[in-house]
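Student: After the structure tokens below, expect a handful of questions from me.
Residue numbers (the working numbering): 8 to 124.
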């Protein structure tokens with residue numbers, strides 16, 4: 008089962024410290040480009056997932072606050088198995104979230120956070 012919620016960048020910063028396994032998608036319309044990332048956190052490692060099918064699947068689950076983890080986890084696992092990811096340092100994730108929190112006043116920032124139980 009997964010639990011999904013919308014968050015602000017600063018809320019996600021606080022939540023990441025408490026979560027050992029989660030997945031989040033950030034989209035933002037910045038002045039000069041669209042920003043879109045999908046990140047899976049497992050223990051202390053962050054995986055920037057590069058599979059565009061994840062974004063399509065997340066669009067399907069956007070209205071659900073709870074759901075079956077089979078709606079999301081198989082897509083994450085497949086991206087990892089096909090090496091469609093990059094390891095990202097936690098400090099870079101935090102830096103992006105801090106930057107987005109400052110840009111949120113001038114741009115539309117959307118964060119979908121998934122926690123698995």
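Note that CB positions come from ideal geometry on N, CA and C, so glycine has one too.
1. Taking Cβ positions, are residue 93 and residue 55 nearer each other than 8 Å?
2. Buried or exposed for residue 121, going by 16 or more other Cβ atoms inside 10 Å?
3. Measure the beta-carbon distance from residue 82 to residue 61 and round it to whole angstroms, keeping in mind my assumption that it falls under 8 Å.
4. Kindly give me the distance between the Cβ atoms of residue 80 and residue 31, rounded to whole angstroms, as I take these residues to be in contact under 8 Å.
5. Taking residue 107 and residue 33 to be in contact with their CB atoms under 8 Å, please state how far apart those CB atoms are, rounded to whole angstroms.
Tutor: Well, looking at it:
1. Start at 1 with the first residue of the chain shown, and residue 93 comes out as number 86. Start at 1 with the first residue of the chain shown, and residue 55 comes out as number 48. Yes, the pair counts as a contact, with Cβ atoms nearer than the cut-off.
2. What you label residue 121 is simply residue 114 of the chain shown in a count that begins at 1. Buried, because 16 or more other Cβ atoms sit within 10 Å of the Cβ of residue 121.
3. Residue numbering aside, residue 82 sits at position 75 when the chain shown is read from its first letter. Residue numbering aside, residue 61 sits at position 54 when the chain shown is read from its first letter. Right, the Cβ-Cβ distance comes to about 5 Å (below 8 Å), so this counts as a contact.
4. Indexing the chain shown from 1 puts residue 80 at position 73. Indexing the chain shown from 1 puts residue 31 at position 24. Residue 80 to residue 31, Cβ: 14 Å. No contact.
5. Within the chain shown, numbered from 1, the residue matching residue 107 stands at position 100. Within the chain shown, numbered from 1, the residue matching residue 33 stands at position 26. Contact holds; Cβ gap of about 7 Å.
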